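In UniProt numbering, the protein residues as written are 1 to 544.
Pasting the structure below:
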């Protein structure tokens, strides 16, 4: 139980805290077609009108208003889902893309809500009993700050990572490096929340504020004091991370994705940049991929915010990737870490994973770890489920990988990374999701046709769309590709096609355990299907 007055005070504290925005800051904007950042914008919080200050405005339902606020009024829980309201809860009536949460205020009050958080101008009539109405110009951000105050506990050290690709691997690698250094570390993101003695599944990369802060408090209770978490563009745009005390943040890359949600690459970049311009307090450390086109301008933005900047990659000033040599067990890296050369045997494949490992190393160093032991810990990294994961090896040496590459850039990166490992042909099974960005379908088809010797186009979460229409859009740019709609059959065909020295990439699902068809989620695991196909092939060969 937390007093409502304390939750409201958290909004005022959040507004004045250097880490919670409030003063205008530079926010990157991207010129269409040039991937460059220019100009200066004010933060979302700074754009609020005076009457919508973060303290908000209290009106009343029934007979209560700000002057009548009971100092001892306690809140038993928070939720933005009226179906989850219980007596004593605060209900957040948030505006949505398809539904307006204000329509569910009567239901929430009927279920026992004692307070309602809503956008400015909200009025509620005919309430069955008096409840507090808190109105905010930015109710999503206010809800996140309230959730942070309600649950309270966070790991002492929190590092966050954003970017189109590489978030999961970077977060997991960061946890693994910290663990190798003897720290009680956890990670949070697409694969769920993981820490010593604690595991919790997650359906989103960045959970909603209540789920997020509940998890953070549970991880602290389990003894976790270092956390690496993923920061998705959706989560940042919807203010889910506001209130998290981020000490260091990494930006891995920015490529084509989620334009169905953000509308433009400029808006997509601006959402991700919030991690540096609004969520992380001035004086943090920004870890930036020096090889991305936006690196220099992002660095300027971060320095203007008062952050220290570390850069990594082939052009990295602080963590430089000098040489990569693929090996049977992964790759050997020659690195220059803060001026000192290191030779590291990285036990994961793919140059992009070398970049992700460097991003993780940068976050660990940014949070105070010594350089030499941290660099040495790269040799202890293990594969991340569904991220360039080697799932099977055939008797004649062909290898099968499963990877989450579901964007044009990640597919191109994965195929390019595997080419040096293929003494023979490179086979690729892939598809595109339904009810998502349609513009990337022909792009991914072209990439597979150009980089794979045997491209096989299949279904990948068609959702509410016609799977054949999705495949047709991909096949139009993939001449010579094989079309096999049934994903299990496509994987079997890919395995059957493998000869000595060949490599098969099964792209798109990675760690996912289901195929979304219509409104149903059918059990499906690429790794399990691949292993079964290899086993069946081996048994068939033994029988002959």
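The C-beta atom is built at its ideal place from N, Cα and C for all residues, glycine as well.
Keep in mind it's a predicted model, so treat the numbers as computed, not measured.
So residue 298 is in the alpha helix (DSSP H); what residue range does that whole segment cover?
295-304
Spell out the partners DSSP gives residue 312 in its beta bridges.
289 and 319
What runs of the alpha helix (DSSP H), each 4 residues or longer, lie entirely inside the region 392-438?
408-418
Using the Cα positions of residue 166 and residue 354, report the straight-line distance between them to the nearest angstrom.
10 Å
Is the beta carbon of residue 470 sitting closer than 8 Å to the one on residue 432?
Their beta carbons are under 8 Å apart, which means residue 470 touches residue 432 by this criterion.
Does residue 383 pass the burial test, meaning 16 or more other C-beta atoms within 10 Å, or should it be called exposed?
buried
Quick one: measure Cβ to Cβ for residue 387 and residue 235, integer angstroms, because I've assumed they're closer than 8 Å.
Actually they do not touch by this definition, with Cβ atoms about 20 Å apart.
Measuring CB to CB, does residue 447 end up less than 8 Å from residue 412?
yes
Could you give the DSSP three-state label for residue 503: helix, strand or coil?
strand
Residue 522, buried or exposed, once every other Cβ within 10 Å from all chains shown has been counted against 16
exposed
Per the DSSP calculation, residue 229 is bridged to which residue(s)?
Beta bridge pairing from DSSP links residue 229 with 160 and 188.
May I ask you to report which of helix, strand or coil DSSP gives residue 238?
coil
Residue 481 versus residue 408 - alpha carbon distance
17 Å
Restricting to Cα atoms, I'd like to know which of 186, 239, 228 and 197 is closest to residue 210.
The option with the nearest alpha carbon to residue 210 is 239.
Could you tell me the distance, in whole angstroms, from the CA atom of residue 46 to the CA atom of residue 182?
Low confidence applies to residue 46: its pLDDT is 38, below 50, so where it sits in the model is not reliable, and the reading given next is rough at best. So the two alpha carbons sit approximately 41 Å from each other.
Out of 99, 502 and 462, which has the shortest C-alpha to C-alpha gap to residue 519?
462
Compute the distance between the beta-carbons of residue 92 and residue 76, then report whether it is under 8 Å.
no
Candidates 106, 95, 97 and 73: closest to residue 83 by CA position
106
Confirm, please, whether the CB-CB distance from residue 115 to residue 90 is below 8 Å.
yes
Report yes or no: do the region 246-254 and the region 153-162 share at least 3 C-beta pairs separated by less than 8 Å?
yes
Where does residue 133 fall in DSSP's three states?
strand
What is the DSSP secondary structure of residue 86, counted as helix, strand or coil?
coil
Close Cβ partners of residue 513 (< 6 Å) along its chain, the five nearest in sequence each way excluded:
525
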